[in-house]
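Numbering (my numbering), first residue to last: 3 to 277. Worksheet for the structure shown next.
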Amino acid sequence: MSSERLRQHVTEALFLQEQAESLREGVAMETLHSPGNQPAVLDFVFQEPQGLLLVLDEESQAQQPNEQNLYKKIQAQLDAANGNSINAISLTTKDGNGNPPPQDQGPSFTVRHYAGKVTYDLTGSLERNKDALPQNLLFLMKSSENVLVHQVFRSKLTRTGSLVPSRHHLRPRGSSAAPKPTPLLPSVGQDPKNILDLRRVLRKEGGSSLLQGQERYGPATVAVQLRNSLSEISAKLRAGAPHFVQCVKPNGARRPESFDRSHVSAQLQYVGSWR
Numbered sequence: 003m004s005s006e007r008l009r010q011h012v013t014e015a016l017f018l019q020e021q022a023e024s025l026r027e028g029v030a031m032e033t034l035h036s037p038g039n040q041p042a043v044l045d046f047v048f049q050e051p052q053g054l055l056l057v058l059d060e061e062s063q064a065q066q067p068n069e070q071n072l073y074k075k076i077q078a079q080l081d082a083a084n085g086n087s088i089n090a091i092s093l094t095t096k097d098g099n100g101n102p103p104p105q106d107q108g109p110s111f112t113v114r115h116y117a118g119k120v121t122y123d124l125t126g127s128l129e130r131n132k133d134a135l136p137q138n139l140l141f142l143m144k145s146s147e148n149v150l151v152h153q154v155f156r157s158k159l160t161r162t163g164s165l166v167p168s169r170h171h172l173r174p175r176g177s178s179a180a181p182k183p184t185p186l187l188p189s190v191g192q193d194p195k196n197i198l199d200l201r202r203v204l205r206k207e208g209g210s211s212l213l214q215g216q217e218r219y220g221p222a223t224v225a226v227q228l229r230n231s232l233s234e235i236s237a238k239l240r241a242g243a244p245h246f247v248q249c250v251k252p253n254g255a256r257r258p259e260s261f262d263r264s265h266v267s268a269q270l271q272y273v274g275s276w277r
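What follows is the structure, given as structure tokens:
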């Protein structure tokens, strides 16, 4: 999905913007560039409020998440598209190569990407989207006496799920040993009362950390982080002057002085330079 979004930017910069400028200036064009299935695929994934990522988040946060319900919502989304996505996305019983799926494969759908068909299996997607650590493990890591572990689990998180650098940096090699963090629970392993007071003690430390962010707002899902990450990347790309380098392998066997026409042709089709 990230490749589709980046491909959209490349297509707009290399073809659509130049094409629009030529039309404004009255320059005749032999053929107009067609984006193909790309708009339908991007709408299917990112459109609000019924795009795949939003529907995935909605079902992940349900009291009783169910992959069959997710599948039905995707079906409803495609039905509401009035045929606009019929050539780009399909709910079938076959994989991207037209073969019957394995018996243990759950509900799935096939997307016709610019580089070819890909079949996505929804089995386990709701659990993977939440990507949450058990609270007890977070408590334990946050109270670790290991400097690296301590800082990682107390660091703030960005909208894309990346760690914000800590104000307390590790000392470089060769310097005196880095000071250990102040123990949050000096005798947590000995006194059960300390375990019961763990949440209160950690909250008292302050700061919007990985743990506290989950307590207040719920864990940021993989889908949310992906949407935010792609939004940031797209904004940076639009703000800059585009220069693209398309790398093409002459053959698939890494042989010198060997040019495989079909291999090169397939790559050029994938990047949209040749149809």
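Where is the CB? At the ideal position from N, CA and C, for every residue including glycine. As the structure is a computational prediction, the values presented were derived from the model and not from experiment.
Shown here, S110 sits in a strand according to DSSP, grouped into three states. Residues of the same chain with a CB within less than 6 Å of the CB of A90, apart from the 5 flanking positions on each side, are N39, A42, V43 and R114 in chain order. The region 13 to 20 and the region 59 to 74 do not touch, with fewer than three beta-carbon pairs separated by less than 8 Å. Following the DSSP letters along the chain, one finds Y122 inside the beta strand (DSSP E) bounded by residues G118 to D123.
Residue state for L159 is assigned as strand, using DSSP reduced to three classes.
As the crow flies, the alpha-carbon of V224 is around 45 Å from that of V29. Counting the other Cβ atoms within 10 Å of the Cβ of K238 gives fewer than 16, which makes it exposed.
Of the residues assessed, E6 falls on the buried side of the cut-off, its CB having 16 or more other CB atoms within 10 angstroms.
According to DSSP, residue pairing for S233 in a beta bridge does not occur. Per DSSP, the unbroken alpha helix (DSSP H) holding D45 starts and ends at Q40 to F48.
Closest in alpha carbon position to G163, among G242, S231 and V247, is S231. Q79 is not a Cβ neighbour of L55, given a cutoff of 9 Å. Across the structure, L142 and A134 are spaced so that their CA atoms are roughly 15 Å apart.
Here the C-alpha atom of H152 lies approximately 21 Å from the C-alpha atom of R161.
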